[in-house]
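S.K.: So the mapping is simple: the UniProt record's numbering equals the position in the sequence shown, first residue as 1, plus 179.
Note that the Cβ used here is the ideal one computed from N, Cα and C, for glycine as well.
Given the structure is predicted, the values throughout are model-derived calculations rather than measurements.
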Amino acid sequence: FTPKLLAGRKVLITAGPTFEAIDPVRGITNLSSGRMGYAVARAARQAGAEVTLVSGPVGFCPPQGVDRINVKSALDMHAAVMAQAAGADVFIAVAAVADYRVANAAEHKLKKDTGGIPPIELVENPDILAEVAALKNGPFCVGFAAESRNLEEYAQTKRRKKKIPLIAGNLIQDGFGGEDNRLVLFDDAGSHPLAPAPKSVLARQLVEHIAHLTGKH
Ligand code: C5P
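(1) Where Leu314 and Lys342 are concerned, what is the direct C-alpha to C-alpha distance, given to the nearest angstrom?
(2) Tell me the residue span of the beta strand (DSSP E) that contains Gly348.
(3) Restricting to Cα atoms, I'd like to know which of Ile296, Ala223 and Arg188 is closest to Val386.
(4) Quick one: what's got a C-beta closer than 6 Å to Ala226's C-beta in the same chain, skipping five residues either side?
(5) Spatial neighbours of Ser379 within its chain, please: CB distance less than 8 Å, with the 5 preceding and 5 following residues excluded, ordered by chain position.
(6) Closest to Val237 by CA distance: which of Leu362, Gly356 and Val311 is it?
(7) May I have the straight-line CA-CA distance separating Gly195 from Val273, to the nearest angstrom?
(8) Would you kindly work out how many angstroms separate the C-alpha atoms of His396 and Val363, rounded to a whole number?
(9) Are Arg361 and Leu345 closer than 9 Å when you measure CB to CB?
(10) Would you mind reading off the limits of the alpha helix (DSSP H) that contains residue 398?
(11) What residues come near the ligand C5P, if near means a beta carbon less than 5 Å from any of its heavy atoms?
(12) For the putative contact between Val276 and Thr197, defined by C-beta atoms under 8 Å, what is the C-beta separation to the nearest angstrom?
(13) Do you know how far the Cα of Leu191 is from the Cα of Glu229?
(14) So, using beta-carbon positions, are Leu308 and Ile201 closer together than 9 Å?
(15) Do Pro203 and Ala253 count as a contact pair if the criterion is CB distance below 9 Å?
(16) Do you know whose CA, among Leu392, Gly213, Asn316 and Glu358, lies nearest Ala267's CA?
(17) May I ask which residues mark the beginning and end of the beta strand (DSSP E) holding Thr231?
(18) Can you say whether Lys337 is buried or exposed, counting buried as having 16 or more other CB atoms within 10 angstroms of its CB?
(19) Pick out the complete beta strand (DSSP E) segments inside the segment 308-366, 3 residues or longer, and give them in chain order.
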């Protein structure tokens with residue numbers, strides 16, 4: 180692994196789940212651990228990049244030398260990313276962003292004894308990656324697709340829909356929440372399956388692929 184593949188480049192990364200509040204103590208979230216995104220942040224930093232990590236709620240410390248911005252909801256993540264995106268050379272969206280948030284989040288804790296089951300109305304969250312990909316002169320955008328089946332078809336469809344040059348697909352049963360993963364990279368040249376490996380190893384391979392596609396190496 181050549182250590183300085185991304186020397187001097189600004190890399191913005193999202194990681195982890197989001198948390199969509201229902202009331203002050205409850206919410207909707209998902210099983211993303213943040214491990215893959217944190218591994219990508221560490222690998223990009225080790226490759227010499229200046230890394231900003233916008234992180235949903237996870238249990239780890241930021242990798243050494245990485246600037247972390249902590250967020251909770253998809254809207255917080257959207258605001259933090261949009262504030263940084265124009266200055267980034269590469270944007271890697273690893274976070275498992277909730278597609279929907281609660282429209283009528285309660286200011287006070289919901290009580291069981293107030294009669295009836297409270298309805299939870301959902302509204303769509305912005306697609307952070309698609310929005311960054313649509314920026315004029317924006318960063319080189321990389322997405323992740325976590326699927327439970329039809330990986331190639333779904334990942335390629337996502338890549339085209341979001342208009343991004345590279346997407347890393349993985350099956351949820353292969354990696355979500357765990358230490359290891361199995362990734363397939365999809366770009367204009369086709370698909371590049373990577374051997375199953377610890378997330379740290381896959382993150383370095385992804386960084387190498389990004390460095391290759393963005394030239395200079
Ligand atoms: O559309 P889907 O959620 O399956 O796409 C996954 C990719 O899009 C991931 O890279 C994820 O980080 C990104 N994404 C996003 N904002 C959303 C939803 C997904 O940036 N609201």
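M.R.: This is what the structure gives:
(1) In this structure, the alpha-carbon of Leu314 lies about 11 Å from that of Lys342.
(2) For Gly348, the enclosing beta strand (DSSP E) has its first and last residue at Leu345 to Leu350.
(3) Ala223
(4) Leu184, Leu185 and Val386
(5) Ala218, Arg221 and Ala222
(6) Gly356
(7) 7 Å
(8) Here the model assigns His396 a pLDDT of 45, short of 50, so the residue's position is not dependable, and the following value carries that caveat. Near 21 Å, if we compare the C-alpha coordinates of Val363 and His396.
(9) No, the pair does not count as a contact, with Cβ atoms beyond the cut-off.
(10) Look at the range of the chain in this structure, 180 to 396, and you will see that residue 398 is not part of it.
(11) Counting every residue whose Cβ lies closer than 5 Å to a heavy atom of the ligand C5P, we get Ala272, Ala274, Val276, Asn304, Asp306, Ile307, Leu308, Gly322 and Phe323.
(12) 5 Å
(13) 8 Å
(14) no
(15) no
(16) Asn316
(17) Glu229 to Ser234
(18) buried
(19) 319-326, 345-350 and 363-366
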